[in-house]
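Residue numbers (our numbering): 184 to 347. Glycine included, every Cβ here is placed at the ideal spot set by N, Cα and C. The block underneath contains the structure these notes are about, expressed in structure tokens.
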């Protein structure tokens, strides 16, 4: 993907893709990427292969700074912790992520960040959040989110959602 640095919109629709892990680092070089749609049938983990171990380094990471819109349909993925690397997200749509348990996993973030995470506010610019059919979803974030710009929340068919 790095050969297309001015690409603004990307849709990955991998129906018969046999891998269980997809490394999103390959998209980090696409600095103008504004909108990303991911559709995977069997993908279990969306990951960014990183060595950042402080909140400051995560906040300085420029890979997804222009990403504003994310649409994901992945039946088997359990978390979307990689979204912390997209600080300017305005809209998140998660459709039929039936195995999704947490949007941002505290345990997974603890593996990456060794310090306290009070300064990390992953969705501060979020305006729209839509989640449909995430039957196992328990939390968006482990504490209350500060999303002053949030205008629209649609959550349907998520019977286990307890923490937002």
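Residues near residue i by beta carbon distance below 8 Å, same chain, minus five either side
i	result
residue 281	258, 259, 316, 317, 318, 319
residue 217	191, 192, 249, 250, 251, 252
Spatial neighbours of residue i in its chain, beta-carbon cut-off 6 Å, leaving aside the 5 residues before and after
i	result
residue 228	204
residue 309	272, 330, 333
residue 289	325
residue 347	323
residue 184	Low confidence applies to residue 184: its pLDDT is 47, below 50, so where it sits in the model is not reliable, and the reading given next is rough at best. Contacts found: 209, 210, 213.
residue 313	276, 337
residue 393	Shown here, the chain extends from 184 to 347; a query on residue 393 therefore has no answer.
residue 263	286
Helix, strand or coil at residue i according to DSSP, with G and I counted as helix
i	result
residue 204	strand
residue 350	Residue numbering for the chain in the displayed model covers 184 to 347; residue 350 lies beyond these limits and cannot be assessed.
residue 285	strand
residue 247	coil
residue 306	coil
residue 272	coil
Beta bridge counterpart(s) of residue i as assigned by DSSP
i	result
residue 337	313
residue 278	315
residue 179	An answer regarding residue 179 cannot be provided, because it is not within the stretch 184 to 347 covered by the chain.
residue 262	285
residue 346	322
Cβ-based neighbour list, residue i, same chain, cut-off 7 Å, excluding 5 preceding and 5 following
i	result
residue 339	315
residue 306	272, 328, 330
residue 345	321, 322
Alpha-carbon to alpha-carbon, residue j and residue i
i	j	result
residue 278	residue 255	6 Å
residue 221	residue 193	8 Å
residue 223	residue 248	23 Å
residue 225	residue 209	19 Å
residue 252	residue 268	13 Å
residue 341	residue 250	26 Å
residue 234	residue 304	Residue confidence is low: residue 234 scores 44 on pLDDT, short of 50, so the model does not pin down where it sits. No coordinate-derived value is stated.
residue 207	residue 261	16 Å
residue 291	residue 274	23 Å
residue 236	residue 343	Confidence at residue 236 is low in this model, with a pLDDT of 44, below 50, so its placement is unreliable and the value that follows should be read with caution. So the two alpha carbons sit approximately 31 Å from each other.
residue 265	residue 219	13 Å
Legend entry - Validate contact between the stretch 285–292 and the stretch 323–343 using beta carbons, cut 8 Å, 3 pairs: yes
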